[in-house]
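These notes concern the structure reproduced below.
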């Protein structure tokens, strides 16, 4: 990967946004996935769901107009788009668990080649566990995509054969968008969808330590 | 005549016993019934089990109840926040028990309690640490986990407006757990900013019918403060 250039966070958000279809109902997770909202292609209509009982989440309000009764899952102030609706928590998670969301995009600590997801707990001694809606989203949306950097701070691949962190869900991730390449996960393992320029499949396989099917 | 209006927060909370399970609405700071929590601190009940999505923010409200040493156990989905220092300290020193529940399972366990459902199977959490030791069953080829209702002795919730029958409407995303907690408790107290005459709330728009509400009490409107921010996964 000497000469290849990693996607920055915004470029990665744009890469994810490019694959979201017109008319989709989408839940964006905390952190990096939240950026996707600002990168959706113009001319398509996407309804954003927030676990705390909102469909039709709009952009952040201008400074001074924040209303903390209208926040997203990360407790950041948001707005409601015309046509949006409020509902209670049991209904909100019925939408999620019941397969009514087309897509959710989540961050991750690790994803396995077969789509197991670890994104809620490092399992470290003294770490306070917190799960929120991650487990419901991971298994409930019709498709779950992960958005993350491919390598951790030590340079180890976060795409792995088996997750070492505690699992959020089993075989639930369909695609993984990273700063170096895009992958599909499935029972047969990883398929390479695309990669940044000048990054070969061989180099990616060496980086991840797992075989990659597909061309790119 | 039915009149559920309490003259004060203290009147509304009269009778909450030591050891009670208290369902407290809110998500972060939105929908947190701060005045009722302050009232519970003043009321004095101890050894409480508290059910809330989070575990308190900053030093006030639920965090103050925890700091006062009145909570034996908390049932929640997301205790760890940037401003959950009171809970973090109690948890790390072993002075509070935590039951961590996926958020949708938390909401559905409350719903089940209110709806008279004995237990339910959910796919959420299957194969994870949070399902360890629980019964499982494969339904339509998909593994599910058996989950039991969470019933409250008391629910403390925040609504926007109500009438003397206990009918309630909420404000924006401050609705969150209020409606489902109202159904799940033996005794539900709602704080409201406005009390209106029966008939003034549009019957098509009432979110919580009065059947689920025991007492309502009017409190001054204070803008919901910021709080409860999550930090992103950073590994």
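Residue numbers (this note's numbering), protein chains in the order written: chain D, 9 to 224; chain R, 0 to 234. The beta carbon of each residue, even a glycine, is placed where N, CA and C say it ideally should be. The structure presented is a predicted model; accordingly, all values stated were derived computationally and were not measured.
Residues sharing a beta bridge with residue i, DSSP
i             : result
residue 35/D  : 57/D, 112/D
residue 157/R : 190/R
residue 215/R : 4/R, 189/R
residue 143/R : 136/R
residue 151/R : 184/R
residue 120/R : 145/R
residue 167/R : 161/R, 207/R
residue 318/R : Not covered by the structure: residue 318/R. The range shown for chain R is 0 to 234.
residue 94/D  : 62/D
residue 118/D : 126/D
residue 195/R : 162/R
residue 20/R  : 48/R
residue 87/D  : 66/D
residue 79/D  : 85/D
residue 168/D : 120/D
Anticipated Cβ contact below 8 Å, residue i with residue j, distance rounded
i             : j             : result
residue 104/D : residue 149/D : 7 Å
residue 155/R : residue 32/R  : 5 Å
residue 45/D  : residue 63/D  : In fact, because the Cβ distance is near 14 Å, the residues do not count as touching under 8 Å.
residue 85/D  : residue 75/D  : 6 Å
residue 175/R : residue 43/R  : Wrong, their Cβ atoms sit about 28 Å apart, outside the cutoff.
residue 180/D : residue 147/D : 5 Å
residue 153/R : residue 21/R  : 5 Å
residue 178/D : residue 126/R : 4 Å
residue 116/R : residue 166/R : Between residue 166/R and residue 116/R the Cβ distance is about 24 Å, and since that is not below 8 Å, they are no contact.
residue 228/R : residue 102/R : Not really, about 16 Å apart at Cβ, beyond 8 Å.
residue 54/D  : residue 32/D  : 5 Å
residue 214/R : residue 19/R  : At roughly 15 Å, the Cβ-Cβ gap does not stay under 8 Å, so residue 214/R and residue 19/R are not in contact.
residue 48/R  : residue 74/R  : 7 Å
Residue i classed as buried or exposed, judged by whether at least 16 other C-beta atoms fall within 10 angstroms
i             : result
residue 221/R : exposed
residue 92/R  : exposed
residue 240/R : For residue 240/R there is no data in the structure shown, the boundaries of chain R being 0 and 234.
residue 52/D  : exposed
residue 78/D  : buried
residue 143/D : buried
residue 17/D  : exposed
residue 188/R : buried
residue 219/D : exposed
residue 34/R  : buried
residue 216/R : buried
residue 121/D : buried
residue 199/R : exposed
residue 162/D : exposed
residue 190/R : buried
residue 137/R : exposed
residue 11/D  : exposed
residue 140/D : buried
residue 107/D : exposed
residue 95/R  : buried
residue 205/D : exposed
residue 49/D  : exposed
residue 172/D : exposed
residue 166/D : buried
residue 124/D : buried
residue 107/R : buried
residue 1/R   : exposed
residue 7/R   : exposed
residue 3/R   : buried
The stretch 56 to 68 of chain R touching the stretch 121 to 128 of chain D, judged by at least three CB pairs closer than 8 Å: no
Runs of alpha helix (DSSP H) lying entirely within the stretch 120 to 164 of chain D, each at least 4 residues, in chain order: 142 to 148
Contiguous alpha helix (DSSP H) assignments of at least 4 residues, all confined to the stretch 27 to 72 of chain R: Complete alpha helix (DSSP H) runs here, min 4: 33 to 42, 61 to 66.
Stretch pair the stretch 20 to 33 of chain D + the stretch 83 to 95 of chain D: three plus CB contacts closer than 8 Å: no
Cβ contact (3+ pairs, closer than 8 Å) linking the stretch 40 to 60 of chain R and the stretch 78 to 88 of chain R: Yes, the stretch 40 to 60 of chain R touches the stretch 78 to 88 of chain R.
Those runs of the alpha helix (DSSP H) which lie wholly inside the stretch 176 to 224 of chain D and span at least 4 residues: 209 to 216
Cβ contact check for the stretch 62 to 73 of chain D and the stretch 177 to 196 of chain R: 3 or more pairs under 8 Å: The stretch 62 to 73 of chain D is not in contact with the stretch 177 to 196 of chain R.
At least three beta-carbon pairs within less than 8 Å, the stretch 138 to 145 of chain R to the stretch 4 to 12 of chain R: no
Three-pair Cβ contact test at 8 Å for the stretch 154 to 164 of chain R versus the stretch 193 to 200 of chain R: Touching, yes.
Given 8 Å, three or more beta-carbon pairs between the stretch 196 to 216 of chain D and the stretch 105 to 123 of chain R: In this structure the stretch 196 to 216 of chain D does not lie against the stretch 105 to 123 of chain R, because fewer than three pairs of beta carbons, one per stretch, are closer than 8 Å.
Validate contact between the stretch 101 to 115 of chain D and the stretch 35 to 43 of chain D using beta carbons, cut 8 Å, 3 pairs: yes
The stretch 185 to 199 of chain D contacting the stretch 152 to 172 of chain D, beta-carbon criterion three pairs below 8 Å: yes
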